[in-house]
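Report on the structure given below.
Number of protein chains: 6
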Amino acid sequence: MLHGGFLEGDAVMVAGAAGSGKTTLALQHLVNGATKYEQNGVYVTFEQLPDQIYRDAEGFGWDLRRLEQEGKFQIICTSPDLMVNKNGAEELLGDTIRELRPKRMVVDSLSHLQMFVPEGDVRKEAYRLVMFLKAKEISSMLLWENPQIIGSSYSISDVGLSFMVDTIVTLRAVEIESSMRRALGILKMRGSDHDKHLREYEITSHGIRVDQPFTQYEGLMSGNPRRVASEKFVDMFRSVSEKKKNAVG
Amino acid sequence: MLHGGFLEGDAVMVAGAAGSGKTTLALQHLVNGATKYEQNGVYVTFEQLPDQIYRDAEGFGWDLRRLEQEGKFQIICTSPDLMVNKNGAEELLGDTIRELRPKRMVVDSLSHLQMFVPEGDVRKEAYRLVMFLKAKEISSMLLWENPQIIGSSYSISDVGLSFMVDTIVTLRAVEIESSMRRALGILKMRGSDHDKHLREYEITSHGIRVDQPFTQYEGLMSGNPRRVASEKFVDMFRSVSEKKKNAVG
Amino acid sequence: MLHGGFLEGDAVMVAGAAGSGKTTLALQHLVNGATKYEQNGVYVTFEQLPDQIYRDAEGFGWDLRRLEQEGKFQIICTSPDLMVNKNGAEELLGDTIRELRPKRMVVDSLSHLQMFVPEGDVRKEAYRLVMFLKAKEISSMLLWENPQIIGSSYSISDVGLSFMVDTIVTLRAVEIESSMRRALGILKMRGSDHDKHLREYEITSHGIRVDQPFTQYEGLMSGNPRRVASEKFVDMFRSVSEKKKNAVG
Amino acid sequence: MLHGGFLEGDAVMVAGAAGSGKTTLALQHLVNGATKYEQNGVYVTFEQLPDQIYRDAEGFGWDLRRLEQEGKFQIICTSPDLMVNKNGAEELLGDTIRELRPKRMVVDSLSHLQMFVPEGDVRKEAYRLVMFLKAKEISSMLLWENPQIIGSSYSISDVGLSFMVDTIVTLRAVEIESSMRRALGILKMRGSDHDKHLREYEITSHGIRVDQPFTQYEGLMSGNPRRVASEKFVDMFRSVSEKKKNAVG
Amino acid sequence: MLHGGFLEGDAVMVAGAAGSGKTTLALQHLVNGATKYEQNGVYVTFEQLPDQIYRDAEGFGWDLRRLEQEGKFQIICTSPDLMVNKNGAEELLGDTIRELRPKRMVVDSLSHLQMFVPEGDVRKEAYRLVMFLKAKEISSMLLWENPQIIGSSYSISDVGLSFMVDTIVTLRAVEIESSMRRALGILKMRGSDHDKHLREYEITSHGIRVDQPFTQYEGLMSGNPRRVASEKFVDMFRSVSEKKKNAVG
Amino acid sequence: MLHGGFLEGDAVMVAGAAGSGKTTLALQHLVNGATKYEQNGVYVTFEQLPDQIYRDAEGFGWDLRRLEQEGKFQIICTSPDLMVNKNGAEELLGDTIRELRPKRMVVDSLSHLQMFVPEGDVRKEAYRLVMFLKAKEISSMLLWENPQIIGSSYSISDVGLSFMVDTIVTLRAVEIESSMRRALGILKMRGSDHDKHLREYEITSHGIRVDQPFTQYEGLMSGNPRRVASEKFVDMFRSVSEKKKNAVG
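Protein chains in written order, with this note's numbering: chain A, 64 to 312; chain B, 64 to 312; chain C, 64 to 312; chain D, 64 to 312; chain E, 64 to 312; chain F, 64 to 312.
As structure tokens, then:
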């Protein structure tokens with residue numbers, strides 16, 4: 064579903080609630096780039112300590128330090144303060160970009176950026192960052208944390224960030240059979256049409272694994288889907304009436 | 064459904080969430096005008112870099128640069144700042160209008176305009192722009208981004224922009240059979256009545272393709288429709304009872 | 064449902080979302096008054112250019128200019144600024160009222176008035192206007208734009224305007240059989256009781272046509288009604304069991 | 064359901080949306096008091112012109128002017144400004160109370176009072192008024208306008224007025240069989256328990272007529288009730304199976 | 064369900080909408096304490112006049128004046144102003160506590176307190192009061208008025224008062240069979256687990272009577288429950304098929 | 064489900080409404096650590112008096128004072144004021160950490176911290192605290208109180224605290240068979256995937272007991288689940304038709 068390569072300079076927003084695996088998806092994207100597609104990657108975080116990220120990655124079998132030593136990967140752990148001025152992106156990322164020549168960059172996260180930027184400027188600052196990366200032909204993956212876990216009304220962002228990205232991937236918690244499962248959908252992909260299925264995904268010991276599309280559910284995006292009961296009933300009914308026919312006949 | 068020509072000076076609002084294909088629809092409208100109806104077009108964007116627009120269009124097989132060279136099309140990439148003063152529209156668009164004599168203009172987007180205009184002035188500024196274009200007998204297509212992807216309550220805009228347009232087209236994400244599909248509906252068309260169907264549309268490699276109306280669903284506008292189960296059940300039931308009758312008889 | 068004549072001095076609020084045909088209903092009310100009931104009419108608009116109104120009316124076969132020449136109709140296109148002071152209504156409307164002696168007046172719209180009046184004064188200003196017209200024994204039709212298209216919670220106005228009108232007509236979009244249809248209901252009629260049906264209406268080439276009441280739907284006012292499935296099922300079931308009885312017998 | 068007499072000094076809140084017949088109910092309460100229970104009444108209005116009230120009452124066959132001449136009834140039409148100060152109620156109502164010795168008073172409405180009182184003071188002012196009337200042993204009926212017509216969440220007031228009244232009557236619009244009907248319920252009655260049924264009521268040419276309780280509906284308070292379908296289905300099913308039994312037997 | 068004695072120093076919050084019987088429950092708690100458990104009680108009210116409370120109690124057969132004369136009960140009718148300062152509780156309640164040595168105290172109500180306390184201080188002031196009473200080993204019953212009557216989303220308080228109480232009792236209006244009935248539930252009881260049933264209760268002429276738990280309903284807490292229809296249907300179906308079997312056999 | 068040991072330095076958020084047993088779960092976590100895993104524990108509370116905590120624990124058979132005397136446990140009862148400055152955590156917790164060498168710490172609660180911290184700083188302060196504990200290799204359990212008891216939309220926090228924790232446990236009230244029962248789910252566990260079941264839990268006299276996963280319910284997270292009726296119906300239907308077959312045969 065999410066194939067290895069995005070177009071150069073494309074910006075992808077990954078929106079999900081706490082625990083949806085945004086960080087895992089982002090690391091996997093960079094590790095795959097570095098190890099399978101010869102695309103170096105940079106992970107910019109406003110949120111986590113680098114140690115945490117190394118440790119998380121290890122849990123999935125990803126050796127970030129080795130990638131770092133091989134010059135294929137770098138973590139930039141910074142405060143959003145430093146990024147929020149006209150030349151902030153250049154000052155903060157310029158050297159790394161010149162040295163590593165990355166093709167992939169993760170920004171973790173726009174929601175954190177939003178906390179440090181005066182209301183109304185988030186969009187401007189985020190836009191400047193995206194444009195800076197586009198100009199460098201670096202594809203960016205921008206993480207966005209939805210505060211809402213489940214709910215019948217779903218919005219990506221109330222600060223209007225979605226126009227600036229080429230692709231929007233949503234990660235949703237869905238309650239199915241009294242368990243909290245996970246659905247991944249693509250809400251936007253600039254240009255051609257895309258896979259419309261809402262697919263189950265799991266966070267395995269090797270990273271995110273995207274599974275089969277869901278079937279027979281309505282309302283997955285609300286997090287509170289209902290089994291399409293009639294289908295089941297119809298099946299059951301048909302089989303019962305078959306037996307009846309036989310019994311009568 | 065959306066036939067080639069709007070009335071001269073008509074203003075059409077196209078409202079949709081991120082990923083609904085508003086930009087594609089808008090470009091298609093201008094390309095069709097320029098190539099099929101001898102109506103030159105202008106694309107005013109507050110949001111995207113021109114390069115992005117050319118690249119997007121190419122993906123659909125639309126050669127905007129050629130149209131530009133033929134004097135049939137132009138992109139104006141500007142900041143909303145410039146437009147927001149009494150003569151802003153004239154200063155910004157006047158020359159282009161005199162040279163290109165466009166009959167179609169796209170404004171991408173009113174939602175972006177809203178970010179730069181003090182609260183309470185959006186409507187006034189947008190109205191002035193629409194009236195300016197009406198006076199020039201240019202039909203305008205105004206894009207509006209709904210932050211909400213799905214939700215049982217649907218509003219076009221909370222700044223009261225809808226009165227000023229002649230037509231409102233809504234583009235909605237709808238979850239059907241565990242997939243994110245798309246519905247297009249016309250909510251307003253000044254004057255005579257219009258097609259009331261909610262139709263499925265797809266973003267193909269040739270642009271937006273409007274398909275058949277949906278049937279057998281309730282609640283499409285909420286994005287979370289339910290199959291009208293009884294219908295199916297009734298069909299099934301009838302067929303079962305037919306068999307039964309035969310079996311008995 | 065909405066018979067030709069209102070009581071003298073009555074105030075009617077017509078509330079509906081964008082595209083619900085409020086303007087059409089209002090023009091029709093004035094045209095009918097002027098041509099069938101010998102009641103002259105005035106259309107006060109804060110929103111549209113007169114040209115647009117003439118053109119819209121022509122689309123329905125209504126020749127407003129002729130009515131104007133016959134002294135039966137007038138459009139007053141003004142800014143709400145002018146109306147919002149103690150003698151504003153008198154200054155703005157006084158001459159026209161003395162000359163035309165209208166019995167019907169449309170105000171398009173209270174929602175627009177609201178944009179220009181400091182919060183908290185809307186009600187006062189609107190009340191003064193309604194009382195001014197009542198004192199002149201002119202029945203008024205006040206248009207109100209609901210921002211919400213569909214939604215399970217429905218309010219007329221959050222500025223408490225409804226107490227001041229004698230009648231409230233609501234125009235609602237309703238999604239039925241995957242189409243956007245229209246329902247008209249009377250929520251208030253001062254004094255005696257009134258038609259309680261929610262009726263379908265259409266905007267035809269001759270104006271608004273109010274059709275039969277809806278039947279077999281629940282939740283019309285939410286815009287997202289459900290077919291009362293059991294009824295259908297019951298019918299079907301009965302007919303099936305009839306056949307069965309016959310088959311067995 | 065609402066018997067003729069309230070306890071002396073009781074305060075009753077009548078809460079309903081526009082068009083629910085609050086004013087009619089209030090007038091009827093006063094007219095009944097004056098003509099059937101020898102309880103004089105005063106109608107305090109912040110909202111309507113007296114003429115409108117006389118006219119409305121006439122429509123129901125109530126001759127308020129005669130009651131006025133007989134010293135049994137009085138309308139006080141005032142601005143809330145006058146009432147909002149420490150001795151406002153005394154100054155405004157004192158003379159009338161001494162002359163007419165009313166046992167019933169209607170205040171139309173607390174919602175209007177709210178418009179003129181600084182936020183946070185409404186409760187205090189309303190409380191002072193209620194206490195003033197209680198001290199005079201006058202039962203009061205306080206009208207409250209809910210902005211919401213229908214909606215799954217129902218609150219009486221967000222300014223905490225309900226604690227101060229002894230009885231709360233709610234008037235709700237309910238959509239039943241595609242018509243807008245009306246339900247009356249008692250939400251509070253200080254002291255003993257009360258009729259819990261939600262009853263249909265109608266506004267007839269003789270005033271409010273409270274009818275039978277609703278049956279077989281769920282969700283009346285939301286305004287969007289659902290027929291308890293299973294009941295019907297069960298009935299139908301039973302009758303069908305009876306026939307079948309006969310047919311087989 | 065609510066047995067006679069709470070632990071010494073326990074704080075109980077009773078949350079309910081207007082008309083839910085909070086005051087009745089509170090008076091009953093004090094009267095029971097004074098007459099059955101030798102626990103004197105104090106009723107602190109910010110809301111009602113003492114006369115009203117005596118009268119209400121009389122309606123249930125409770126003679127508060129006699130209890131007062133016997134030194135078992137006292138009403139303190141005060142303004143929240145007096146309580147809101149560091150030693151307010153001591154100054155206001157100290158003498159009474161020393162004289163009456165109460166073991167039970169009712170505070171009617173925290174919602175009223177909230178009106179007089181600057182936003183953000185409610186929690187602090189309420190906490191100070193609760194701690195003051197805990198230190199005196201007086202169990203407190205704190206009344207809280209929910210503005211919402213019914214609604215699918217239910218919160219106790221948005222000012223975070225619930226952490227400070229040991230027990231939370233909720234009183235909810237529930238619409239069942241087209242009547243407004245009442246449900247009582249315990250949402251919190253510090254320490255051991257508690258009765259989880261939602262029970263019907265009634266306000267009788269002798270006070271609150273807690274009845275049997277509800278059964279066969281879903282969604283009671285929303286106030287808009289649905290009968291678990293399938294159960295009924297299943298019963299009916301079974302009985303029908305029994306008859307059929309007999310008929311056939 | 065929640066096994067004895069968390070990873071060193073892990074931060075766990077426990078989110079639940081009033082009465083969900085957050086404090087019990089937290090105490091149990093510390094008691095288990097001290098008695099079964101040789102991990103000393105500290106309970107930091109902004110909310111309760113230590114006496115209350117000792118008493119609560121006793122109710123579950125936990126002798127906190129003995130643990131304290133054995134140097135395995137400590138309560139720190141403080142005001143959030145003291146913690147909210149750059150070195151607050153060090154000053155407040157430093158000595159205790161050096162003496163007790165705790166591996167587990169409970170913070171009761173982040174919601175309380177939020178009340179004393181200027182809006183916008185909560186996240187920063189909470190983050191600093193979590194990082195301080197991580198640096199000391201102390202696993203932290205952070206309690207968060209959801210104001211909402213039930214509701215179809217569920218969010219953990221609107222101040223974006225969830226990114227900073229490794230694990231999020233949610234405790235939800237669920238209305239099942241007209242009782243208020245309890246569900247525990249894990250919404251996030253950094254690194255590998257986790258138990259996705261929503262499990263029933265009870266507060267017994269020995270502490271929290273996590274029971275079997277729920278089955279046959281949809282919508283548990285909303286607090287207002289629905290039995291998956293069709294299942295039951297299908298079972299019943301099948302069994303009926305079996306009997307029928309036998310009867311006929």
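All C-beta atoms in this analysis are idealised placements derived from N, C-alpha and C, irrespective of residue type, glycine included. Predicted model only: the values in this text are computed from it and were never measured.
- Not a single C-beta of chain E is nearer than 8 Å to the C-beta of F:S142.
- Secondary structure at A:Q275: strand, using DSSP grouped into helix, strand and coil.
- In the same chain as D:L93, and ignoring 5 residues on each side of it, the C-beta atoms closer than 7 Å to its own belong to G104, Y106, F136, R167 and V169, in chain order.
- Contacts between D:P276 and chain E, judged by CB atoms closer than 8 Å, involve S241 and S242 in chain order.
- Cα atoms of C:Q102 and C:F277: separation of roughly 32 Å, rounded to the nearest angstrom.
- For the C-beta of F:I139, not a single chain E residue is nearer than 8 Å; the gap to the nearest is close to 17 Å.
- In summary, no residue of the region 123-136 of chain F has a CB separated from any CB of chain E by less than 7 Å.
- Per DSSP, the continuous beta strand (DSSP E) segment holding B:M76 begins and ends at A74 to G79.
- At a cut-off of 8 Å, the C-beta of B:F179 has no neighbouring C-beta in chain C.
- Residue contact with chain D for C:V273: absent (no Cβ-Cβ distance below 8 Å to any residue of chain D).
- Contacts between B:R186 and chain C, judged by CB atoms closer than 7 Å, involve M178 in chain order.
- With respect to the 8 Å criterion, E:R235 and E:E263 are not classified as neighbours on the basis of their beta carbons.
- One thing to note: B:W207 has its Cβ no nearer than 8 Å to the Cβ of B:V75.
- Taking B:Q275 as reference, the option from B:K259, B:I139, B:A89 and B:V193 with the minimal CA-CA separation is B:K259.
- The CB of C:I231 comes closer than 7 Å to the CB of A81 and G82 in chain D, given here in chain order.
- At a cut-off of 8 Å, the C-beta of F:K85 has no neighbouring C-beta in chain A.
- By the criterion of a C-beta distance shorter than 7 Å, D:G223 is surrounded in its chain by R186, once the five residues flanking it on both sides are discounted.
- Residue pairing for A:L247: DSSP places it in a beta bridge opposite A:L234 and A:R262.
- For C:L205, the secondary structure class from DSSP, reduced to helix, strand or coil, is strand.
- Listed by position along chain D, the residues whose Cβ is nearer than 7 Å to that of C:H260 are S241 and S242.
- The beta carbons of A:S225 and A:G72 sit no closer together than 8 Å.
- Assigned with DSSP and collapsed to three states, D:E71 falls in coil, not helix or strand.
- Closer than 8 Å to the CB of F:P210 there is at least one CB belonging to chain E.
- F:S220 has a beta carbon lying within less than 8 Å of a beta carbon in chain A.
- Taking 7 Å as the cut-off between beta carbons, none of the residues of the region 145-158 of chain C comes near chain D.
- Any Cβ of chain B closer than 8 Å to the Cβ of C:G270 would place that residue at the interface, and such an atom is absent.
- In this structure, DSSP gives E:I219 a state outside helix and strand, which the three-state scheme calls coil.
- For A:E263, there are no C-beta contacts with chain F under 9 Å, since the nearest C-beta of that chain is about 11 Å from it.
- Interface flag for B:S215 against chain A is set, since a Cβ pair is found closer than 8 Å.
- Contact note: C:E281 does not reach chain B at a C-beta cutoff of 8 Å; the least C-beta distance is about 11 Å.
- Along the region 92-115 of chain F, going in chain order, the ones with a CB nearer than 9 Å to a CB of chain E are E110, Q111, L112, D114 and Q115.
- Residues of chain B whose Cβ lies closer than 9 Å to the Cβ of A:M194 are, in chain order, L112.
- With contacts defined as CB atoms closer than 8 Å, E:S285 and F:N209 fail to qualify as a contacting pair.
- Contact between A:G214 and F:Y217 holds, with the beta-carbon distance rounding to 7 Å and staying under 8 Å.
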